[in-house]
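Residues -19 to 240 (my numbering) are what the sequence shown spells out, left to right. All C-beta atoms, glycine included, are put in the ideal place defined by N, C-alpha and C.
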Amino acid sequence: MDLRTVTVCRYIAPLREGGSLPALAEADDDFKYVLKFRGAGHGVKALIAEFLGGEIARALGFKVPELVFAHLDEAFGRTEGDEEIQDLLQGSKGLNLALHFLSGAINFDPGVTQVDSRLASEIVWLDAFITNVDRTYRNTNMLMWNRELWLIDHGAAFYFHHSWTNLEKHAKNPFPLIKDHVLLPQAKDLWETDRKFRSLLTTEKLQAIVSALPGEWLEWQETEETPKQIKEAYLNFLLQRLENSNLFIKEAENARQALI
């Protein structure tokens, strides 16, 4: 798989909703993007999670804004007046990640929009699979655009990579935090979803997604592993998690039963 690469040419405004100070920006293709910075709090690992989570969601048929690699020139941001933003821009030179900006989209409100059990089950399955802790009532990370539900912001997924130890143990984690998922009460079709999604996420599909991670995001100071070895670790995590999906499905089912 190949993502487009754009060059950021105009910083428009910070999006203060995100703790990592994402920004609305314009690129050299004349489109606007929500730009995620490698110089933000969790660095490239948040970009890796955003990329893997978004592209796995797309492979499963969800609506996800187009992801692009976004290049920041070394000189970009030197005239920015806000010192915090200038530091962020200067610390993010090179390859970042951006999502196509959905103009006019509104935040998903579970009190206003009802999601059917099939779609709710599919989103819960995805988030349990990628260990996404950030799809809660407090922060749904979903948008309504053209009357359709879109998934955004997967940077908090794959949290195991912040410690990078006991990867096999993390792969078999039943993910008890699924109890806080905003759509869990409606997720009545998890086992049916499991059968469907396990057939869609082939080894070849997951390998293609992981292989597309940029090498410059995988040069970590905290490990002697090469970028190739790190990619292999992510792929193995995903394959083991898929093979043991019954663990997180049972956890989600038990948590749902406790709610209803």
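- Taking the C-beta atoms as reference points, Ala37 is found no nearer than 8 Å to Val48.
- Cβ contact annotation for Trp105 (same chain, cutoff 7 Å, sequence separation greater than five): Leu170, Thr173, Asp174, Phe177, in chain order.
- Between the C-alpha atoms of Gln201 and Val92 there is a straight-line separation of about 46 Å.
- In the DSSP assignment, Ala151 falls outside any beta strand (DSSP E) and lies within the alpha helix (DSSP H) extending over 147 to 151.
- Contact between Met124 and Leu131 does not hold, since their C-beta atoms are separated by about 12 Å, which reaches or exceeds 8 Å.
- The DSSP-derived three-state label of Trp197 is helix.
- Distance from the Cα of Ile103 is smallest, within the candidate group Ile86, Lys211, Ile229, Lys149, for Ile229.
- Close CB contacts of Gly74 within its chain, under the 8 Å cut and outside five residues either way in sequence, are with Arg18, His51, Leu52, Glu196 (chain order).
- Runs of the beta strand (DSSP E) lying entirely within the region -8 to 17 and spanning at least 3 residues, in chain order: 3 to 7, 12 to 16.
- Taking each of Asp89, Arg221, Asn224, Ile65 in turn and checking the Cα distance to Arg118, the smallest one comes out for Asp89.
- Contact check for Ile110 against Leu32 passes: the beta carbons are separated by less than 8 Å.
- Taking the C-beta atoms as reference points, Val162 is found no nearer than 8 Å to Ala78.
- Setting aside the 5 residues that flank it on each side, Asn76 is surrounded in the same chain by Val(-12), Leu15, Lys16, Phe17, Arg18, Leu27, Phe49, Ala50, His51, Leu52, each with a C-beta closer than 8 Å to its C-beta; the list follows chain order.
- Assignment of beta-bridge partners to Met122 by DSSP yields Leu131.
- Taking 3 residues as the shortest admissible run, the region 65 to 98 contains the following complete beta strand (DSSP E) segments, listed from N- to C-terminal end: 74 to 80.
- Distance between Glu128 and Asp9, taken at the CA atoms: about 25 Å.
- Nearest in C-alpha terms to Ala20, of all of Glu30, Pro2, Val113, is Pro2.
- The Cβ atoms of Ala100 and Phe155 lie no closer than 8 Å to each other.
- Looking at the DSSP output, Thr116 shares a beta bridge with His161.
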